[in-house]
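Before any comments, here is the structure.
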Amino acid sequence: MKVGDYCYFGLLKKYNYYNLSNHKMNIIMSKKVISLFTAFAFLLLLCSFTLSPSNNEKIEGNKKIERKIVYNKKKHTFTLSWSAFGSSGNYIITRGGSRLASDFVSVGSTSKLTFIDNKPNVDKYENYYKVTRDDITIIISLENQIFGDHMYFYDRKHEKAETARNDINSQFGSIGLGGANGEWTTKRQAYYFKPNVNRQTYDVGGSGSASSGEANAIELGFYSHIGGLGKVPSDVKLGAIFTRPHLSGGANATCTFWRSVENVEVMRDFSWTVSQSTSARRLLIESTSKYISDIGDTNFWGSGGFIADAHYTSSRPNWGGQQQWYTRNTVFPSGSGAMGGSYNMVWQGCVNPPQENDSNSPVPTTPIIREKPFLFIDNDGEYKVFVPAWQKDRVGVSWSSADMGKGEIQDLISKWYVAKEGDTDVEINAALKAGKNIFFTPGHYALNAPIQVNRKDAILLGAGIASVTLEPTEKNIWGCIYADDKDGIIIAGLLMDSLNSTTYQVRIGNEGVNADHSKDPILLSDITCRVGGVQSKNIQIQASMQINSNNVVGDHFWLWRADHGSQKGGDARWKRDRCKNGLIVAGNDVTLYALFVEHYQEYEVLWLGERGRTFFFQNEPPYDAPNQASWSSQGGRVDGYAAFKVANTVKEHNTIGMGSYAVFTGTDGNVNKKNGFEAPNSSNVKLEKMCITRFAGPGNIQNVINSIGGSTATGVKRVTSYNNGEGTQPFDEEFILPNKESYPAYISMEK
Numbered sequence: 001m002k003v004g005d006y007c008y009f010g011l012l013k014k015y016n017y018y019n020l021s022n023h024k025m026n027i028i029m030s031k032k033v034i035s036l037f038t039a040f041a042f043l044l045l046l047c048s049f050t051l052s053p054s055n056n057e058k059i060e061g062n063k064k065i066e067r068k069i070v071y072n073k074k075k076h077t078f079t080l081s082w083s084a085f086g087s088s089g090n091y092i093i094t095r096g097g098s099r100l101a102s103d104f105v106s107v108g109s110t111s112k113l114t115f116i117d118n119k120p121n122v123d124k125y126e127n128y129y130k131v132t133r134d135d136i137t138i139i140i141s142l143e144n145q146i147f148g149d150h151m152y153f154y155d156r157k158h159e160k161a162e163t164a165r166n167d168i169n170s171q172f173g174s175i176g177l178g179g180a181n182g183e184w185t186t187k188r189q190a191y192y193f194k195p196n197v198n199r200q201t202y203d204v205g206g207s208g209s210a211s212s213g214e215a216n217a218i219e220l221g222f223y224s225h226i227g228g229l230g231k232v233p234s235d236v237k238l239g240a241i242f243t244r245p246h247l248s249g250g251a252n253a254t255c256t257f258w259r260s261v262e263n264v265e266v267m268r269d270f271s272w273t274v275s276q277s278t279s280a281r282r283l284l285i286e287s288t289s290k291y292i293s294d295i296g297d298t299n300f301w302g303s304g305g306f307i308a309d310a311h312y313t314s315s316r317p318n319w320g321g322q323q324q325w326y327t328r329n330t331v332f333p334s335g336s337g338a339m340g341g342s343y344n345m346v347w348q349g350c351v352n353p354p355q356e357n358d359s360n361s362p363v364p365t366t367p368i369i370r371e372k373p374f375l376f377i378d379n380d381g382e383y384k385v386f387v388p389a390w391q392k393d394r395v396g397v398s399w400s401s402a403d404m405g406k407g408e409i410q411d412l413i414s415k416w417y418v419a420k421e422g423d424t425d426v427e428i429n430a431a432l433k434a435g436k437n438i439f440f441t442p443g444h445y446a447l448n449a450p451i452q453v454n455r456k457d458a459i460l461l462g463a464g465i466a467s468v469t470l471e472p473t474e475k476n477i478w479g480c481i482y483a484d485d486k487d488g489i490i491i492a493g494l495l496m497d498s499l500n501s502t503t504y505q506v507r508i509g510n511e512g513v514n515a516d517h518s519k520d521p522i523l524l525s526d527i528t529c530r531v532g533g534v535q536s537k538n539i540q541i542q543a544s545m546q547i548n549s550n551n552v553v554g555d556h557f558w559l560w561r562a563d564h565g566s567q568k569g570g571d572a573r574w575k576r577d578r579c580k581n582g583l584i585v586a587g588n589d590v591t592l593y594a595l596f597v598e599h600y601q602e603y604e605v606l607w608l609g610e611r612g613r614t615f616f617f618q619n620e621p622p623y624d625a626p627n628q629a630s631w632s633s634q635g636g637r638v639d640g641y642a643a644f645k646v647a648n649t650v651k652e653h654n655t656i657g658m659g660s661y662a663v664f665t666g667t668d669g670n671v672n673k674k675n676g677f678e679a680p681n682s683s684n685v686k687l688e689k690m691c692i693t694r695f696a697g698p699g700n701i702q703n704v705i706n707s708i709g710g711s712t713a714t715g716v717k718r719v720t721s722y723n724n725g726e727g728t729q730p731f732d733e734e735f736i737l738p739n740k741e742s743y744p745a746y747i748s749m750e751k
């Protein structure tokens, strides 16, 4: 950043000090802890639209530059003030309708340290102010103060069609969001588009495909989110969206992770070449769509993916070289022909899905679902959060061209606490206790103790792949999120990143809870748990997620013990990044959609509850078991651990669409897994459409399920249905689960 560039700032709870001397910018961050009383007073002020001072400051030499903005709702005026900066001349104030507006105009100058704009733009959110002196410019707006520095807003009313694309693509290139370094970057960002005005769109024309002019597309990189701020997808019309695989010259998309798009219309190419932890929701797709790469090498492949609540209007999409994919409640143009995909493609509650075959599994309805909440701008011009209603036996999308669907609209300012990077578990838990829901803006949230969700209908909603991490304290042994056994809790859009050891990363309900939540279930949506990968430090975790509550619905998980990253692999990683289980389900009547679980060291999914349902499961076993002796189950009598284990005590369970793929590349060459899946031989336990294969390495999965189905040594193996079958029931086992007899004083969990 050079002298003459401008900075824009966030609201409260942080100080940002900028030193622009010698054409360099140094950022020093500190945090101001706000008491509950102060937070309450702040909300009252904000509801009257009188804003308290921003705690962002800028340094010129050794001198701090403070600023604040106050909006008087009654008079519709803005008062800006700041501390002195620069050496001579007046401060020049200009105003634009958005951050990147082409219509910035002069509104005055002053030698004083305050300025009143008596005639701002009508919409209070369409007032962005630049204050300039001696080639130093600061910019202040309400939106930035509410949402912080990592949420970017675009407004076609004040910007050219290509402005948003150029801005997003500039970030993509400048901070490396598309390359190998981007995979582990600490950057988090969300790009929000305001509704179209007077039929204007964000489309710049041309193709968004990689082979024919990707310059016309928005390139979405790691840890990035695109969101439309309209009520329905057609309120925000984008041109083309493109994700660029960075491996093998663009042919290998198997590490194209951690990005999302929701609530927009895509008018041209939707080239969504992605793998795990990528969410595409609530879309109107008017264009050619493909989920494979088309850069140079045509031998492309990916390991996706998830799309839901989408409507394709022009052509049936192509999943080509994708290993697997889960598609829910989506409308396709007429036809029933294949749409690509290799091993495990599940189409649930879709209109015009492909016909069933070995790899395609159409499921007629979605038995119970609640779509993920999202941010939008209501008719009154205010920011709101839409919380969709529960629906049963649904087919197709939840919205129409004129109706956002059934659900509740919540005012962001009065009902929510907007968290920003630097907020602590103390502040977040205080807001939850005060009755607020939590909107996590993009960033890292370093916790000394878990977020405790202990009231009915509480919501945690992340934007821009917001990441919750653990600090090395004695309190972090209780993980990132610890939810009580309450009706209607929603946890969505968060990445749990364990940089330090803990018992588990997410826990829903205490041991032994047995409440009936069937009328208002708990929803977990777009959840990622990551163990290792980021740093070369010993990590010890018992389980990434434990679900003890009944009637939980999970809609898209990636639970991942990292198979690559900053550490060496093989035996070193096996000993350093320890985690037994990806998911333990002890609750009854739990329903999971799009379950991705990989590389854990024992049973990757362990199911103990009754009447569980899983629609789509993807797995790779650990790459790095050093030898067979270190990786054997059932008292050492069975090679390896099944990827999906239904305990022998379970009487009723159903799954459909399951794949486990051997990649034993970090072993001594003699490691195998006896069964891909294990379940009791019971009349009400049914597992359908199971698949195993080997991608790499010398070892194999020797059977599909319960010692039948054949070995991956001779290719892909499938079992269409297993229900009280002829296979050998696994040995009975006693499972040691993460469990504490009592809880420390700082955990206010139900006993």
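Numbering (UniProt numbering), first residue to last: 1 to 751. From the three backbone atoms N, C-alpha and C, an ideal C-beta is built for every residue, glycine too. Only a predicted model underlies this, so the values are computations on that prediction, with no experimental measurement involved.
Per DSSP, L142 is one residue of the alpha helix (DSSP H) stretching across L142 to F147. Counted as a single uninterrupted DSSP element, the alpha helix (DSSP H) harbouring I413 occupies residues L412 to K415.
Taking all protein chains shown into account, E474 has fewer than 16 neighbouring C-beta atoms within 10 Å of its C-beta and is therefore exposed. Along the length of the stretch 507-586, whole alpha helix (DSSP H) runs at least 4 residues long occupy 570-576, reported in chain order.
Annotation: V704 to A466 spans about 37 Å, alpha carbon to alpha carbon. Taking 9 Å as the cut-off, the beta carbon of P333 is found no closer than this to the beta carbon of N357. Pairwise C-beta distances place the stretch 721-729 in contact with the stretch 669-686, as three or more of them are shorter than 8 Å. Our two residues, G479 and I491, have alpha carbons roughly 15 Å apart in a direct line. Pairwise C-beta distances place the stretch 89-103 in contact with the stretch 112-129, as three or more of them are shorter than 8 Å. Residue state for N675 is assigned as strand, using DSSP reduced to three classes. In this structure, G699 sits away from W574, with a CB-CB distance that is not shorter than 9 Å. By the criterion of a C-beta distance shorter than 6 Å, Q323 is surrounded in its chain by S303, S342 and Y343, once the five residues flanking it on both sides are discounted. Boundaries of the beta strand (DSSP E) harbouring K717: K717 to N723, taken from the DSSP string. In this chain, F332 is not harboured by any beta strand (DSSP E), its DSSP state being neither H nor E.
For the pair G509 and K415, the Cα-to-Cα distance works out to about 24 Å.
The continuous stretches of alpha helix (DSSP H) do not include S361, which lies in the beta strand (DSSP E) extending over residues N360 to V363. For T163, the enclosing alpha helix (DSSP H) begins and ends at A161 to S174.
Boundaries of the alpha helix (DSSP H) around E427: D425 to K433. Excluding sequence positions up to five before and after G715, its CB lies within less than 8 Å of the CB of T693, all in the same chain and listed in chain order. Annotation: the continuous beta strand (DSSP E) that includes T110 extends over V105 to T110.
Annotation: the continuous beta strand (DSSP E) that includes E598 extends over T591 to E598. Rounded to whole angstroms, the gap between the alpha carbons of W301 and A662 is 17 Å. Per DSSP, the beta-bridge partners of M690 are M658 and V719. Spatial neighbours of K717 in its own chain (CB-CB distance under 6 Å, excluding positions within 5 residues in sequence) are listed in chain order as I692, V704, G709 and G710. DSSP, read as helix, strand or coil, puts N90 in coil. Per DSSP, D393 is one residue of the beta strand (DSSP E) stretching across Q391 to R394. A buried status is given to F615, since no fewer than 16 other beta-carbon atoms sit within 10 Å of its beta-carbon.
DSSP places L229 in no beta strand (DSSP E); its state is neither H nor E. Residue nearest to L113 within the set G86, S102 and S359 is G86 (criterion: CA-CA distance). In the DSSP assignment, V131 falls within the beta strand (DSSP E) that extends over Y128 to R133. Taking A713 as reference, the option from F735, V671, V266 and F731 with the minimal CA-CA separation is V671. Taken through DSSP and simplified to helix, strand or coil, I736 comes out as coil. The C-alpha of G609 lies about 52 Å from the C-alpha of T163.
Per the C-alpha coordinates, the member of I168, A431 and I409 positioned closest to A419 is A431. K68 is bridged by DSSP to S81. Taking 9 Å as the cut-off, the beta carbon of F222 is found closer than this to the beta carbon of T185.
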